[in-house]
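Protein chains: 2
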Amino acid sequence: MKIIPEIIQKLNEAGLKITPQRVAVMQTLMRLRSHPTAEELFAEVSRTIPGLSPTTIYNTLDTFVDKGLVKRVKTDMDVMRYDAITEHHHHLYCAISDRMEDYFDPELDQMLSEYFTRKKIEGFNVTDIRLQLMGDFENKPK
Amino acid sequence: MKIIPEIIQKLNEAGLKITPQRVAVMQTLMRLRSHPTAEELFAEVSRTIPGLSPTTIYNTLDTFVDKGLVKRVKTDMDVMRYDAITEHHHHLYCAISDRMEDYFDPELDQMLSEYFTRKKIEGFNVTDIRLQLMGDFENKPK
DNA sequence: ATCCAGATTGTATTTATTACAAACAAGGTT
DNA sequence: AACCTTGTTTGTAATAAATACAATCTGGAT
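Here's what the structure looks like:
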């Protein structure tokens with residue numbers, strides 16, 4: 001796993017101390033691309049860091065969100081989820097299976113960006129556009 | 001408030017019994033266009049129906065969602081919210097003030113619909129497109 | 001007027017998250 | 001390298017949102 005230096009750099013840039021807990025949480029979040037919940041992260045990170053406290057997961061995630069290293073994601077159905085990918089992207093979501101995947105589409109972003117440059121919304125200043133594409137996945141998860 | 005007959009018709013069409021609780025919940029949800037939480041609804045509906053149980057709010061909302069009379073809405077920040085408007089629409093959301101408003105834009109819907117007809121997503125069948133427009137409201141709530 | 005499936009209530013639980021104080025450790029300073 | 005300060009982690013306890021469930025009640029069909 002050679003991504004650790006990259007994680008350390010991220011944490012440093014955010015002005016955060018490098019702790020095993022933070023590195024492990026970020027690493028797990030980057031590895032699991034499934035938008036895990038705090039609970040799932042706790043279970044997974046606990047394997048590496050035995051004495052881990054659930055509170056640390058919440059603290060760590062809150063800190064990461066504060067610093068913009070991680071984003072919160074919420075569906076209509078369940079609890080808060082977290083996403084280490086901070087580049088602009090959208091989500092595919094199937095309510096039946098509660099499965100969520102990332103969706104990148106620069107062409108779409110371009111089109112939307114142009115659209116909202118042209119069409120102003122009265123009294124509202126758009127800073128970010130997020131799509132949730134609802135539907136069904138045709139195949140099983142990888 | 002002359003929308004009650006309309007509510008009764010809705011409930012009937014959904015095969016639900018007409019109870020004061022259901023009528024009041026739906027009425028309140030239609031009047032408050034603020035995507036209230038279950039708690040907010042409980043507080044508001046309690047004024048009309050004194051002995052109301054919070055459980056009834058949850059039951060009623062679940063039933064309404066089941067029947068498609070109401071939609072769940074979730075933000076990144078807080079608990080579940082509910083929306084009586086089931087016509088297709090999007091949301092304007094300001095994370096700082098936690099304020100959310102509806103946004104209707106048939107032209108946008110048209111454009112997106114055309115886009116996803118043309119551009120298929122591998123392994124995913126889109127049934128609904130929801131935008132969350134993040135940003136700031138320039139004026140106070142009405 | 002009667003009846004029963006479905007609705008409501010209230011209590012008890014569960015689950016997700018936060019508050020807080022004590023113990024600890026990262027990393028700059030000497 | 002030992003020290004110190006500040007930020008971090010831990011654990012317990014509290015809060016809040018939502019659900020389960022059994023008992024009671026009621027809408028509306030007959």
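Here the protein sequences come in this chain order: A and B. So the first sequence is numbered by full-length UniProt numbering: it starts at 1 and just counts up by one. So the second sequence is numbered by full-length UniProt numbering: it starts at 1 and just counts up by one. Cβ atoms here follow ideal geometry from the backbone N, Cα and C, with glycine treated the same way.
B/Glu101: member of the beta strand (DSSP E) spanning Arg99 to Tyr103, first to last residue. Ranked by Cα distance from B/Gly68, the first of B/His88, B/Ala43 and B/Ser97 is B/His88. Burial is judged here by how many other beta carbons sit within 10 angstroms of a residue's own beta carbon; A/Gln9 has fewer than 16 and is exposed. The beta-bridge partner set that DSSP reports for B/Asp62 is empty. Across the segment 98 to 117 of chain B, CB contacts with chain A closer than 9 Å involve Glu101, Tyr103, Asp105, Glu107, Leu108, Met111, Leu112, Tyr115 and Phe116, in sequence order along the chain. The straight-line gap separating the alpha-carbon atoms of A/Ile49 and A/Lys74 is approximately 27 Å. Your pair B/Gln27 and B/Ile7 checks out as a contact, with CB atoms roughly 6 Å apart and the cut at 8 Å. Here DSSP, grouped into helix, strand and coil, assigns A/Ile7 to helix. Looking at A/Thr19, A/Pro5, A/Tyr82 and A/Asp66, the one whose alpha-carbon comes closest to that of A/Glu39 is A/Tyr82.
In the same chain as A/Asn12, and ignoring 5 residues on each side of it, the C-beta atoms closer than 8 Å to its own belong to Ile18, in chain order. Beta-carbon to beta-carbon, B/Asp105 and A/Met134 are separated by about 18 Å, too far to satisfy the 8 Å threshold.
Rounded to the nearest whole angstrom, the C-alpha separation of B/Asn59 and B/Ser97 is 29 Å. Contacts between A/Met134 and chain B, judged by CB atoms closer than 9 Å, involve Val126, Thr127, Asp128, Ile129 and Arg130 in chain order.
Within 10 angstroms of the beta-carbon of B/Ile57 lie 16 or more other beta-carbons, which makes it buried. The bridge partners DSSP lists for A/Asn125 are B/Asp136. Here B/Pro54 is exposed, its C-beta having fewer than 16 other C-beta atoms within 10 Å. Identification of chain B residues near A/Phe64 by a Cβ-Cβ cut-off of 7 Å yields none; the smallest Cβ-Cβ distance measures about 14 Å. Residue environment analysis places B/Glu101 among the buried positions, since at least 16 neighbouring C-beta atoms fall within 10 angstroms of its C-beta. Note: A/Lys71 is bridge-paired with A/Asp83 in the DSSP secondary-structure output. Among the residues of chain B, those whose CB is under 8 Å from the CB of A/Glu138 are Gly123, Phe124 and Asn125, following chain order.
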